[in-house]
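Sequence order for the protein chains is G and V.
Each residue of the first sequence is one higher than the last, beginning at 1 in the numbering used here.
Each residue of the second sequence is one higher than the last, beginning at 1001 in the numbering used here.
Where is the CB? At the ideal position from N, CA and C, for every residue including glycine.
These notes concern the structure reproduced below.
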Amino acid sequence: MASNAAIRPEERPQWWNLRERIFFYLLLFLFVFSLSLAVWGVVATLPWTVYPGEVAFLTGLLGFSLLANRLLFGYAHLNAYLVSLRERRATEHDARVAYARSHAVAVRRFEELTWLGIAVLWLDMLERYRYAYSAVFALLTVIAIVLALDPLGAVTAGTLLEGAFWGAATISLFVFLLEALARWQIDAALEEELEQVAAVAETSPQPETRT
Amino acid sequence: MYRPLPLTIVFTLLALLVGWGTGSYLTSARATAALANLPAAPVVLSAAYDKQDRRLTLTVSNPGLVPIELLDKTLVFRPASGKGGWELARAPLPGGVVELAPGSIEALVLELKEGSPDLKIGDVLASSLTYRYANLPDLYQLTHLYRSGSGSDGKGSPAAAGSAGGTQTSTSAGTSSGASTGAQDREGSSNGQ
């Protein structure tokens, strides 16, 4: 195909684009920096009082936003793509970028896929990351609950893990919201697509004989 | 863009839950850190001496989380000038055993012995309270040093010092001169005897 010769950089298959990568490494730097501050005891010398529970909450928030980084950006871009599809203002360039980001190149060539099919493949590509994220979050939840059951756990590490859990829950809320929104939009678009197929079938009925 | 109403409702509820949990966690983290600084022992907030009735009124608070029973009192008197030495009187509390609920403040009236001389400036009145916890077998003791005639009472911050043994002695100087005065008075008492 002629389009292969003119692949733009944003149409190349990639995990993140440049802005997301910069954001990710900024976040990583912030995470490591704040953790090392906490480890060195610099937190205790700050002019305002920082409680261990608050440090635990920030650790959960930053750590899980690192873990959820790809999911947050992926679902957000997928939602924007689905909205542009729904409003019928998506260009072929948008579809090609979505094709690159969804890694649908491993499945079919661009010309063989519908634009909505690219979105479905994109959601499927993000599924494994969502599963890993959910597993880590569920593990943290279980440990936090089990430690909260222990009356001595409340005195030692239990409350700190609870703080990390609340920080992680704040990030998970956004992850699951964006994912549910993408699923919802894809379901609605598929339904619309089916209705159109049914309407076409009604206008041009083809006689078929079935046993 | 169309609006998925069920998603909005479900995630609004979830966000309220997460915000509620986070807020209550952060608040309780601060509250427990503040509670950890409070001793689980009675603290004398202020002491006032009534010259005419010759009685000492202690305002005792229980900042801890367990109830405390005040059992009896010991009053020790030492005049400022060298003669006499220490006089001691031990008696049950006037109103019987005083229950100090967590967070409560009680006023204890301690009357001096019959025939004891009037307090002069510089005299020290050491009042000890014996107390115990409902779930522990040991008796503990709190000693409050009141120095007569040194300005307003109860302004000095009560300083509690506990020992790990069977008897916990919590000493605080009721005068504005601070805890160092109490240490000097104790040294002076051993010389006097």
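N-terminal and C-terminal residue of the alpha helix (DSSP H) that H93/G is part of: Indexing the first sequence from 1 puts residue 93/G at position 93. E92 to R101 is the extent of the alpha helix (DSSP H) around H93/G.
Residue from L1110/V, L1045/V and E1106/V whose Cα sits closest to the Cα of K1073/V: By 1-based counting over the second sequence, the position of residue 1073/V is 73. Nearest option by C-alpha distance: L1110/V.
Ordered along the chain, which non-local residues of its own chain (more than five positions away) have a Cβ less than 6 Å from that of L1129/V? The count along the second sequence starts at 1 and reaches residue 1129/V at position 129. Same-chain partners within the cutoff: L1070, K1073 and L1142.
By the three-class DSSP mapping on this structure, what secondary structure does A169/G have? For the purposes of this step, residue 169/G is taken as residue 169 along the first sequence, with counting starting at 1. Here A169/G sits in helix by DSSP.
Looking at chain G, is there any beta carbon in it that lies within less than 8 Å of the beta carbon of T1012/V? For this step, residue 1012/V is matched to residue 12 along the second sequence. No, its Cβ sits nowhere closer than 8 Å to a Cβ of chain G.
Assign V175/G to one of three DSSP states: helix, strand, or coil. Within the first sequence, residue 175/G is the residue found at index 175, counting from 1. Helix.
Please name the residue in G60/G, F176/G and A189/G whose C-alpha comes closest to that of Y131/G. Locating residue 131/G in the first sequence gives position 131, counting from the first residue. Checked all of G60/G, F176/G and A189/G; the closest Cα to Y131/G is F176/G.
Look at the Cβ atom of L61/G, then the Cβ atom of G167/G, and state whether they are nearer than 8 Å. Here the question's residue 61/G lines up with position 61 in the first sequence. Here the question's residue 167/G lines up with position 167 in the first sequence. Yes, they are a contact pair.
Of the residues that make up the region 1006 to 1035 of chain V, which ones have a beta carbon closer than 7 Å to any beta carbon in chain G? L1007, F1011, L1014, A1015, V1018, G1021, T1022, Y1025, L1026, A1029, R1030 and A1033
Contact check, F57/G vs G163/G under 8 Å by CB: the rounded distance? Your numbering for residue 57/G matches position 57 in the first sequence. Your numbering for residue 163/G matches position 163 in the first sequence. That pair is a contact at about 4 Å.
In whole angstroms, what separates the C-alpha of R19/G from that of A1101/V? Translated into positions along the first sequence, residue 19/G becomes position 19. Translated into positions along the second sequence, residue 1101/V becomes position 101. The straight-line gap from Cα to Cα measures roughly 60 Å.
Would R1078/V be called buried (16 or more neighbouring beta carbons within 10 Å of its own) or exposed? Translated into the one-based positions of the second sequence, residue 1078/V becomes position 78. Buried is the call here.
Neighbourhood of Y99/G by C-beta distance below 8 Å, restricted to the same chain and skipping five residues each side: Your numbering for residue 99/G matches position 99 in the first sequence. For Y99/G, where only same-chain residues beyond five positions count, the Cβ hits under 8 Å are E11, V105, F110, L113 and I118.
Would you grab the beta carbon distance between T170/G and V1018/V for me? Rounded to a whole angstrom, and I think it's under 8 Å. Working through the first sequence from its first residue, we reach residue 170/G at position 170. Working through the second sequence from its first residue, we reach residue 1018/V at position 18. Their Cβ separation, rounded to whole angstroms, is 6 Å, which keeps T170/G and V1018/V in contact under 8 Å.
Can you have a look at T91/G and say buried or exposed, based on whether 16 or more other CB atoms are within 10 angstroms of its CB? Locating residue 91/G in the first sequence gives position 91, where the first residue counts as 1. Result: exposed.
If we cut at 8 Å on Cβ distances, does P1039/V have a partner in chain G? Numbered from 1 along the second sequence, position 39 holds the residue referred to as residue 1039/V. No, because no Cβ of chain G sits closer than 8 Å to the Cβ of P1039/V.
Could you tell me whether the region 76 to 96 of chain G touches the region 178 to 194 of chain G, using the rule of 3 or more Cβ pairs below 8 Å? yes
Look at L1035/V and E54/G and say whether their C-beta atoms are less than 8 Å apart. Position 35 of the second sequence, counting from 1, holds the residue named residue 1035/V. Position 54 of the first sequence, counting from 1, holds the residue named residue 54/G. Contact flag unset, no.
A1107/V versus E1099/V: straight-line alpha-carbon distance, rounded: The count along the second sequence starts at 1 and reaches residue 1107/V at position 107. The count along the second sequence starts at 1 and reaches residue 1099/V at position 99. Rounded to the nearest angstrom, the two C-alpha atoms are 12 Å apart.
Using a cut-off of 9 Å between C-beta atoms, extract the partners of L58/G located in chain V. Sequence index remark: in the first sequence, residue 58/G carries index 58 (1-based). Per Cβ cutoff of 9 Å: no residues; L58/G is ~11 Å from chain V at best.
List the residues that DSSP assigns as beta-bridge partners of V1060/V. In the second sequence, residue 1060/V corresponds to position 60, counting from 1. V1060/V is bridged to V1044/V and E1106/V.
Give the straight-line distance between the Cα atoms of Y75/G and W15/G, rounded to the nearest whole angstrom. As a first step, residue 75/G is located in the first sequence; it is residue number 75 there, counting from the start. As a first step, residue 15/G is located in the first sequence; it is residue number 15 there, counting from the start. So the two alpha carbons sit approximately 13 Å from each other.
Would you please state the rounded distance, in angstroms, between the beta carbons of V1060/V and V1044/V? I believe it to be under 8 Å. The residue given as residue 1060/V occupies position 60 in the second sequence. The residue given as residue 1044/V occupies position 44 in the second sequence. Contact holds; Cβ gap of about 6 Å.
Among P52/G, V97/G, I7/G and L116/G, which has the Cα closest to the Cα of L190/G? Taking the first residue of the first sequence as 1, we reach residue 190/G at position 190. Checking every option, the nearest Cα to that of L190/G belongs to L116/G.
Can you check whether the C-beta of P1004/V is within less than 8 Å of a C-beta belonging to chain G? Here residue 1004/V corresponds to residue number 4 of the second sequence, with the count starting at 1. Yes, P1004/V lies at the interface with chain G (some Cβ there is under 8 Å from its Cβ).
Does the beta carbon of G163/G come closer than 8 Å to any beta carbon on chain A? The structure shown contains no chain A; the protein chains it does contain are G and V.
Verify the CB distance criterion: does A169/G have a CB-CB separation below 8 Å to chain V? Against the first sequence, residue 169/G aligns to sequence position 169. Judged by the 8 Å Cβ criterion, A169/G is in contact with chain V.
State the DSSP-derived secondary structure class of Q196/G, mapped to helix, strand or coil. As a position in the first sequence, residue 196/G is number 196, starting the count at 1. Correct three-state label for Q196/G: helix.
Residue(s) in a DSSP beta bridge with R1054/V: Looking up residue 1054/V in the second sequence gives position 54. Answer is none; R1054/V lacks a bridge partner.
Per DSSP, what kind of secondary structure is Y51/G in: helix, strand or coil? For the purposes of this step, residue 51/G is taken as residue 51 along the first sequence, with counting starting at 1. Y51/G: coil per DSSP, three-state reduction.
Report yes if the CB atom of S172/G is closer than 8 Å to the CB atom of F31/G, and no otherwise. Locating residue 172/G in the first sequence gives position 172, counting from the first residue. Locating residue 31/G in the first sequence gives position 31, counting from the first residue. No. Outside cutoff.
Chain V partners of E10/G, CB-CB under 9 Å? Within the first sequence, the letter at position 10 stands for residue 10/G. Those within 9 Å of E10/G in chain V number zero; the least Cβ separation is about 24 Å.
Quick check: is the beta carbon of F159/G nearer than 8 Å to any beta carbon in chain V? Numbered from 1 along the first sequence, position 159 holds the residue referred to as residue 159/G. Sequence check: residue 159/G is Thr here, not Phe. Closer than 8 Å to some Cβ of chain V, the Cβ of T159/G qualifies, so yes.
Mind listing the chain V neighbours of A135/G? Cutoff is C-beta to C-beta under 8 Å, in chain order. For this step, residue 135/G is matched to residue 135 along the first sequence. Result: empty, since nearest Cβ-Cβ is about 19 Å, beyond 8 Å.
Quick check: is the beta carbon of L181/G nearer than 8 Å to any beta carbon in chain V? As a working note, residue 181/G is residue 181 in the first sequence. Judged by the 8 Å Cβ criterion, L181/G is in contact with chain V.
So, helix, strand or coil for V1098/V, using DSSP? Here residue 1098/V refers to the residue found at position 98 of the second sequence. Strand at V1098/V.
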